[in-house]
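Structure, as structure tokens:
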Amino acid sequence: MSNGNLPEQIVFRIRRFAPGRDQEPVWKEYPIAYEAGMTVLDGLWKIKESIDPTLAWRASCRMGVCGSCGMLINGKAGLGCNTQISELATAVVSVAPLSNFPIVRDLVPDLRPLFDAHTALSPYIIRSDSAEQEEPTREYYQSSEEMESYLQFSYCIKCACCMAACPTCATDPVYSGPVALAQAHRYNTDTRDDGFQTRKEVLAGEAGPWRCHFAGECSRVCPKGVDPAKAIQLMKRQLVGDALGLRKKRTPAGLVKKPEGIERRPDIPEAPVPTV
Amino acid sequence: MRDQKLWTWHLAAGAIILILLGLHMTIMHLDALLGIFNPAGGHPIDWANVVARGQSLAFTLTYILLLGAALFHGLYGLRNILFELDPAPPLKKALSWVLVLVGVGLFIFGTWAAWVGHQVASLT
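Heads up: the sequence lines are chains A and B, in that order. Numbered according to this note's numbering, the first sequence spans residues 1 to 276. Numbered according to this note's numbering, the second sequence spans residues 277 to 400.
Shown next as structure tokens:
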């Protein structure tokens with residue numbers, strides 16, 4: 001016992017599955033030496049390098065930013081890269097692919113349902129002044145308070161942990177799920193956006209937030225501290241207000257006014273020509 | 277669009293049920309405070325009090341309103357539960373129609389019963 005309560009050797013219990021080769025998933029155990037600071041992702045790398053090179057998973061940044069390494073760790077959805085084995089405090093670490101998605105192989109889920117739902121809800125600023133959007137002359141004005149209203153939802157990294165934890169996603173393939181709905185709310189709340197009616201075409205139907213039971217699991221497992229359950233309830237309120245004709249019509253934010261009476265300092269160089 | 281409207285009606289029906297059930301509970305259990313609804317005195321469900329309330333058109337209308345709200349709220353909730361079993365789209369449509377027909381049928385029957393009750397009470 002050299003690392004707190006953890007033994008020197010821990011066992012990774014991993015659910016393996018290769019469609020086409022295996023009839024059904026099987027659990028395999030891999031004992032590895034534990035090192036202080038080891039994450040679940042580190043453990044997977046160690047297994048791949050020293051025990052079984054055929055083990056498959058998806059990962060990229062290793063710092064909880066890219067959202068690639070979502071997996072079920074001891075039954076709870078989370079990122080492999082920011083889950084310390086010492087936090088789990090178990091000598092056996094079970095790792096499985098995210099539930100509610102088809103499996104590509106081993107720990108790699110097929111996230112297309114998530115991205116299809118996300119794309120269908122137009123997760124970007126929609127405005128009528130497309131010329132200004134394509135060739136911006138200035139920024140759109142937004143106060144700090146206005147930004148606060150959606151800021152936490154913009155921290156979503158689309159890791160799909162919330163989708164794996166959602167009981168509605170488990171039973172309803174039409175439901176858009178917490179990722180897409182939270183992002184739709186993020187843009188509907190953004191004062192620069194004017195796309196509510198466009199998104200409403202999807203949100204007001206079966207794929208909208210109506211099947212959410214408010215179990216709150218999505219918010220509990222989110223590795224970025226986003227609260228998608230809150231976004232979904234706020235979205236319901238917004239849509240009910242809209243159905244009752246009580247939703248306040250909003251003119252999307254205009255451009256920031258150019259400062260007047262201020263000369264540009266001659267020693268500030270011009271911005272480089274955009275390359276994209 | 278349909279789910280947005282159905283959900284809004286579901287909430288509205290819930291609010292109506294809350295108010296009317298609150299009224300019902302008050303009349304039935306706080307009769308010392310609201311003796312006005314029990315003009316014959318005694319227990320709120322004594323025949324004379326039931327007849328007295330039945331003679332009121334406003335009461336009859338609240339019975340019908342409560343019936344409609346409860347049927348819609350309950351059957352829409354049941355539809356949601358059944359839809360979570362992920363039936364095929366044609367079955368979803370069939371379930372919706374069955375629930376609509378059951379709801380409309382029960383509402384017509386209940387409305388008829390409430391109205392006949394009102395007329396009988398008025399003749400008493």
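We put the CB at the ideal spot given by N, CA and C, even for glycine.
Per DSSP, residue i forms a beta bridge with which residues?
| i | result |
| --- | --- |
| ARG279/A | In the structure as shown, chain A begins at 1 and stops at 276. Residue 279/A is therefore absent and cannot be evaluated. |
| TRP27/A | ARG15/A |
| GLN9/A | ALA33/A |
| GLN197/A | Answer is none; GLN197/A lacks a bridge partner. |
| ARG105/A | VAL108/A |
| ASP22/A | PRO19/A |
| ILE73/A | LYS76/A, VAL95/A |
| LEU255/A | TYR140/A |
| THR171/A | Answer is none; THR171/A lacks a bridge partner. |
| THR39/A | GLN84/A |
Excluding five sequence neighbours on each side, which residues of the same chain lie with their C-beta closer than 8 Å to the C-beta of residue i?
| i | result |
| --- | --- |
| VAL378/B | LEU351 |
| LYS230/A | SER219 |
| THR338/B | LEU296, LEU299 |
| MET1/A | Residue placement at MET1/A is poorly supported in this model, since its pLDDT is 41, which falls under 50; the coordinates are not used for a value here. |
| ILE103/A | PHE17, PRO19, PRO25, PRO97, PRO109, ASP110 |
| LEU333/B | HIS394 |
| GLY254/A | TYR140, TYR141 |
Hey, how far is the Cα of residue i from the Cα of residue j?
| i | j | result |
| --- | --- | --- |
| ALA207/A | VAL174/A | 5 Å |
| ARG329/B | THR119/A | 57 Å |
| VAL92/A | ARG21/A | 27 Å |
| PRO123/A | ASP362/B | 27 Å |
| ARG16/A | GLY43/A | 15 Å |
| PRO365/B | SER372/B | 11 Å |
| LEU287/B | LEU234/A | 15 Å |
| CYS66/A | SER60/A | 7 Å |
| VAL226/A | GLU217/A | 12 Å |
| LEU239/A | LEU282/B | 11 Å |
| GLU139/A | GLN133/A | 10 Å |
| THR83/A | PRO274/A | 40 Å |
| HIS305/B | VAL326/B | 14 Å |
| GLU49/A | PRO178/A | 35 Å |
| TYR30/A | LEU55/A | 11 Å |
| MET301/B | ILE293/B | 12 Å |
| ASN356/B | TYR141/A | 42 Å |
| GLU135/A | PRO269/A | 21 Å |
| GLY78/A | ALA36/A | 20 Å |
| ALA313/B | VAL221/A | The question names Ala, but residue 313/B is Phe in the sequence shown. Distance between the alpha carbons of PHE313/B and VAL221/A: 53 Å. |
| ARG127/A | VAL276/A | 21 Å |
| ILE10/A | ILE32/A | 6 Å |
| ARG192/A | ARG186/A | 11 Å |
| ALA316/B | PHE385/B | 29 Å |
Does the Cβ of residue i have 16 or more other Cβ atoms within 10 Å, making it buried, or fewer, making it exposed?
| i | result |
| --- | --- |
| TRP210/A | buried |
| GLU145/A | exposed |
| PHE359/B | buried |
| TRP57/A | buried |
| ALA389/B | exposed |
| LYS158/A | buried |
| ARG265/A | exposed |
| ALA165/A | buried |
| THR39/A | buried |
| TYR155/A | exposed |
| ALA96/A | buried |
| GLY381/B | exposed |
| PHE335/B | buried |
| PRO223/A | buried |
| GLN23/A | exposed |
| ALA271/A | exposed |
| LEU347/B | buried |
| SER176/A | buried |
| PHE196/A | buried |
For residue i, I'd like the list of residues in its chain whose CB is within less than 7 Å of its CB, leaving aside the five on either flank, ordered along the chain.
| i | result |
| --- | --- |
| ASP190/A | ILE125, TYR150 |
| LEU111/A | PHE101, ALA160 |
So, at 6 Å on beta carbons, what are the nonlocal neighbours of residue i in its own chain, with the 5 sequence-adjacent residues on each side left out?
| i | result |
| --- | --- |
| SER94/A | ARG13, ASN74 |
| ARG62/A | CYS81 |
| LYS28/A | ILE14, ARG16 |
| LEU121/A | ALA180, ALA184, ARG199, VAL202 |
| GLY241/A | ARG247 |
| GLY245/A | none |
| CYS69/A | LEU41, ALA59, LEU79, GLY80, CYS81 |
Answer yes or no: the CB of residue i versus the heavy atoms of the ligand NAD, is any distance below 8 Å?
| i | result |
| --- | --- |
| GLY298/B | Absent from the structure shown: the ligand NAD. Ligands present: none. |
Contact set between the region 283 to 309 of chain B and chain A, restricted to residues whose Cβ is under 7 Å from the partner | Result list: TRP283, THR284, LEU287.
Residues of the region 187 to 208 of chain A whose Cβ lies closer than 9 Å to any Cβ of chain B, in chain order = LYS200, GLU201, LEU203, ALA204, GLY205, GLU206, ALA207, GLY208
Note down, in chain order, all residues in the region 230 to 251 of chain A with a beta-carbon under 8 Å from any beta-carbon belonging to chain B.
-> LYS236, LEU239, VAL240, ASP242, ALA243, LEU244
In the region 349 to 369 of chain B, which residues sit with their C-beta less than 8 Å from some C-beta in chain A, listed in chain order?
-> ASN356, PHE359, GLU360, LEU361, ASP362
Got a sec: which bits of the region 154 to 178 of chain A sit with their beta carbon under 7 Å from any beta carbon on chain B, in order along the chain?
-> THR171, ASP172, PRO173
If you measure beta-carbon to beta-carbon, which residues of the region 306 to 332 of chain B are closer than 7 Å to chain A?
-> none
Chain B contacts made by the region 211 to 222 of chain A, where a contact means CB separation under 8 Å = ARG211
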